Amino acid sequence: MTFNTPRPGYELFVAAQTIDLVFESIIVIPIAQSTTLLLIVHTNPIVAVKTGKLRGTIATLIDGSTYYSFKGIPYAKAPTGERRFQASAPLPPEPWDGIRDAIDHGPVCPQYDNPDLIEGSEDCLFVNVYTKSIDPKANIPVMVYIHGGSYSSGSGNNDTYNPDFLIQHNVILVTINYRLELLGFLCLDTPEVPGNAGMKDQVFALRWVKENIVQFGGNPNSVTIFGESSGASSVTYHMLSPMSKGLFHRVIAQSGTAIHDWTIGRDSKERAFKAGKVLGKNTRNTKELLDFFRSLNPTQLTNLTERTLSYDERYRGLLETFVPVIETKFKGVEAFLDKSPIEMLAKGKVRSKVPLMIGYNSAEGLIIVDDRVNNIEIYNQNPSFFVPKEIEEMVSEESLKEFGKRAKSFYFGHNNITKDEPQTIEMINSDIFFIYNTHRFAHLYTSTNQPLYMYRFNYDTELNIIKIYSKYNFLKGACHADDLFYIFYNSFNKKAYEQQERLRKIVFDITSLWANFAKTGNPTPDNTWRPFTPEGKEYLKLEENKRMGTFAEKDRRNPIVTVREGKLRGIVTTLLDGTSYYSFKGVPYALAPFGELRFQAPLPPRKWEGIRDAIDHGPVCTQYDLSISQIVEGSEDCLFVNIYTKSLRADAKIPVMIFIHGGSYSFNSGNSQTFSPDLFLRHNVILVTMNYRLELLGYLALDTPEVPGNAGMKDQVAALRWVKDNIAHFGGDPNSITLFGESSGGSSVTSHLLSPMSKGLFHRAIVESGTCLQDWANDRNAKERAFRAGKLLGKETNDTNELLQFLRGLKPTLLTNLAQKTMTTEETWRGLPDYFVPVVEKKFKGITAFIDEEPVNILAKGKVNKVPLMIGYNSAEGLTLITFLLPKLGFYNENPSYHVQREIAEKISQEKLREFGDRIKRIYLGNKNLTKDDPQAIERLGSDIHFFYNTHRFAHLYSATVKPVFMYRFNYDTDLNILKKFTGYAELEGASHGDELFYLFYNFLNKKPYDEQEKLRQLALKMTTLWTNFAKTGNPTPDDSLGAKWLPYTRRGKEFFKIEDKMSMGNYANGERMNFWNELYKEAGVPYINDSC
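Numbered as in the numbering used here, the sequence shown ends at 1311 without a single skipped number.
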């Protein structure tokens, strides 16, 4: 464009894109005498469709780029007058001359949008098109959105459904209006008004898109229809309708399907007569009724749903009744739907077999919690209202009542529903009205062999607008329709979106999934979102950490158990053998030890209102995890038990097994990632696991009444008390509790055998690879260690109260990884680096001690809790110590006296100590020095010092007072010996410390060999049979089914059971080496294995 200027030779050029533009106006601007500026303004794009030319606008996206907007485009003739309710098919729009403005939205359809009556207009059948190009050759994938609103409200207007988020991904967005409520879904079962006018509007809009979208740069052979709520049920109806075939190529259904109760009309003709009566026409003549309806103002034909509900409809379903119907067949009349949707799906008679993306929000039912709370007594008195209409129509009155009771007890237990259970009310309504039938639709649709992608939307951010406006916005999960605000930009989410980059990133990720599917039929081209299959029921967890899952909401079968503190909601899940069990995780057994409660003995947990979820594990206790050399923040609010049971009958009286995890008293948890119940529960026992405080947080001892030590052990006692008080509610027998543990968990079990606090809380004990007689299970000089820790952390003081206040003021993670840092030189070389462990408490008046006397003296005096005992060790425990000991070999070769246990070293002279050291060196390697080439000798030395001898000594001393005692040596060496593989010495003989755990617990470490090898599964079965037999009867081999009889230990025979390929009995395991150590203990004057008494 050239402009005249007052100076010769001066020209100003303005570049403009002229394709698809016309001159909007010519502006003449006088500049100087005899000089004018002619400004030609190009603004409005023009597109020619079949019925005429359209003038749109150029608008700007929030990313600053531009797009073309065409609003209020008629796709059908206004259904007024005699065309009101006409449903054989809408008529095409009248062609127009000249250019029609498509700058503003057309009127919305008349509707009642609670609480407002919106007049709108019957001339409302418009589409809106948003595109980045109007080049007919652009071939851009098209997304047609069908709005929700219960088939009674809503529109496709951009005040809610703005294109900004989607068309940044180079797709075209089309939105539509369609007739609503009675105007769109009146059904008189006549050829003139068979029903589904609103659905046929949608079909006509899709036909318009197919015929015209190329003019907007769109690809008519790549059309994806998507919708939410009733819009989602609409798109799935189009998959079933013969009228819609060929009009689209992919489908996205958000929170609705054609098989939901609320989306299929029943008794629609009768409802029409009811509506007539409500409006003043009491007639049974359809023609008379039709003429009456056609004579009314259109707004009078809105807000009729609730006014035409029966009592049953009011409480059995959602308030949606003028909805799609199964049409009566009439000759010459094309039906949108003439068969039952569920029947068509079940028989695979899907008209449009296309790729499908389908899903729901995690807390859909939150949107109707308030209504259900207001009507709680109705549902308490008539729980049959929980039964969906589809089932109610098929069963007897008696069965209906039974189904209702089952549904109520399944979600709420045997008590009445209360307003204090909103999350459970949300869950049952989510399942009834949204979740189950989404699963059912997906499952049935797989018969078409089309790609199907399922999701569960669980984002919970400031973009969850519907939830935010809910009275119950404190509940977990994403409410019905919350997903829309991650897909469409509007006035509701504008502020949060613009202020937070994190939210913008989430929106981009979600709209990428939607757009990718629209473009390719695959939401993740890298295939991270795997298709749904009938077997795996795979789905994508749309949440902060997106990942795949299987069978969403399979844990929705929520059992409710009432314990002392309140109600718990668990889940039903599946064992490896396919049978189901009840899981309750993260159950608090004590008050969180925050603030002034840090380091103190635990207090009972507080009661709670409503139902507490016990679906996920609670936080682990704050710790430094030696297995990964990392601090795990966890929480001080970590005192939880996990309960796994096959029955919840109070009279089931199932034997209970409580497992105490190991981890040097400094790391680990009872969580099922490591300690799953799969291998135990098949033997009809209950498994309970626990967390307890660790390291300094659990074992600080200041020798004061406030902090005497052993808080972690008292946590365990509190857990045992909780189990004894409550386990009957989980089907357990409180008079048949077996306590078992491994390593420091094993030494914990033996401590409970000695502690007066634990008396009566359990009835049998299994001890694996650890006792409280081991040096590493008893701290000495714990108070001095506490001051060293304080100094290390920045507080040098000799005042215990000052130190206590300082330690209470620190972040809990600072109180981890302190054991090795607080060791003395003596401790560095003598023993294992396990400190901040149980102590012998100083006696204080009015304070109950866990243990206030040396464990070996308690044993020697027979002051024990007298229960049957199973105790043993692995044949090569010390394998895990080789890499720890190798760097110290030079020191030990020069100073072999450091091999002498601390318990002995404290009792003998320096001269005797050196002598003992020399004797130890000779017995294991003659006169040679230990080197890295002697791993088996190092293993044996470590096994004997730190595990074997004191296991024998405990068994011997305990058996003087209590019978029976069963001793074992574990010697399996297979692909299940997981820890041995990690030692770097897998070629050595024997089973490493901790290896037996992988024959007892199924987890991610042993999953592959266990799943692949039948032999290993049989070995695990034998192991768990021994353990559970003992838990049930006090005898690990009550019969001959395992091919060997395990005889009790006696002080003279020292019988032990060889757990190896050929199980058999033996006498005095590792006896020759044990005799050597026994002689040292005897000479030191400490309790030893004395065969003569």
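The beta carbon of each residue, even a glycine, is placed where N, CA and C say it ideally should be.
All of these numbers come straight from a predicted model, not from anything done at the bench.
- Beta-bridge annotation (DSSP): K759 is paired with R674 and R765.
- Ranked by Cα distance from A450, the options N667, N579 and N380 are led by N579.
- For G739, the closest of E1121, K1198 and I443 by C-alpha to C-alpha distance is I443.
- According to DSSP, C856 shares a beta bridge with no other residue.
- With distances taken between CA atoms, G836 lies nearest to F858 out of F858, R830 and E854.
- Buried is the label assigned to D701, since at least 16 other Cβ atoms lie within 10 Å of its Cβ.
- F948 and I861 do touch by the CB rule: their CB atoms are close to 5 Å apart, below 8 Å.
- Rounded to whole angstroms, the gap between the alpha carbons of L920 and D744 is 58 Å.
- A Cβ-Cβ separation of about 19 Å leaves Y707 out of contact with I364 under the 8 Å criterion.
- Note that the C-beta distance between R1048 and Y1116 is below 9 Å.
- By the neighbour-count criterion, in which a residue is buried when 16 or more other Cβ atoms sit within 10 angstroms of its Cβ, P823 is buried.
- Between C697 and I684, the gap from beta carbon to beta carbon is short of 9 Å.
- Residue state for D334 is assigned as strand, using DSSP reduced to three classes.
- Within the region 841-920, the complete beta strand (DSSP E) segments at least 3 residues long are 841-843, 848-850, 858-863, 872-878 and 904-908, listed from N- to C-terminus.
- Of R302, G270 and L866, the smallest CA-CA separation from P311 is found for G270.
- Under the Cβ criterion (8 Å, minimum of three pairs), the region 488-495 does not count as touching the region 615-622.
- With a cutoff of 9 Å on beta-carbon distance, L536 and S688 are scored as not near each other.
- Contiguous beta strand (DSSP E) elements confined to the region 1146-1191 occur at 1183-1188, taking only those with 3 or more residues.
- Put simply, the region 427-441 does not touch the region 550-570. Fewer than three CB pairs are less than 8 Å apart.
- For F344, there is no enclosing alpha helix (DSSP H); the residue is part of the beta strand (DSSP E) that begins and ends at F344 to T349.
- Closest in C-alpha terms to I846, from the list F1200, G796, L1032 and Y654, comes F1200.
- About 10 Å separates the CB atoms of I876 and G950; that is not less than 8 Å, and the two are not in contact.
- A straight line joining the alpha-carbon of L1218 with that of A1238 spans about 6 Å.
- Annotated three-state conformation of I264 is strand, per DSSP.
- Taking the C-beta atoms as reference points, L1104 is found nearer than 9 Å to I1156.
- Using a C-beta cut-off of 8 Å, the region 528-545 makes no contact with the region 424-433, since fewer than three inter-stretch Cβ pairs fall below that distance.
- An exposed status is given to L821, since fewer than 16 other beta-carbon atoms sit within 10 Å of its beta-carbon.
- Here K289 is buried: its Cβ has 16 or more other Cβ atoms, across all protein chains shown, within 10 Å.
- Between Y883 and P1056, the C-beta gap is smaller than 9 Å, which places the two residues in contact.
- Within the same chain, Cβ atoms closer than 7 Å to the Cβ of L391 are found at Y348, M361, Y363, P381, L384 and I385, the five residues on either side in sequence being excluded.
- In the three-state reduction of the DSSP assignment, G416 falls in the helix class, which pools H, G and I.
- Between I1138 and V1118, the C-beta spacing is below 9 Å.
- If you ignore the 5 residues before and after T1034, its C-beta comes within less than 7 Å of the C-beta of T840, Q841, Y842, I849 and E913, all in its own chain and listed in chain order.
- Beyond the five residues adjoining it in sequence on each side, A808 comes within less than 7 Å, by CB distance, of P820, L821, P822, P823, L857, D933 and A936 in the same chain, given in chain order.
- Cβ-Cβ separation between T1066 and M975: approximately 6 Å, consistent with a contact (criterion under 8 Å).
- In this structure, A1178 lies away from A1094, with their beta-carbon atoms at least 9 Å apart.
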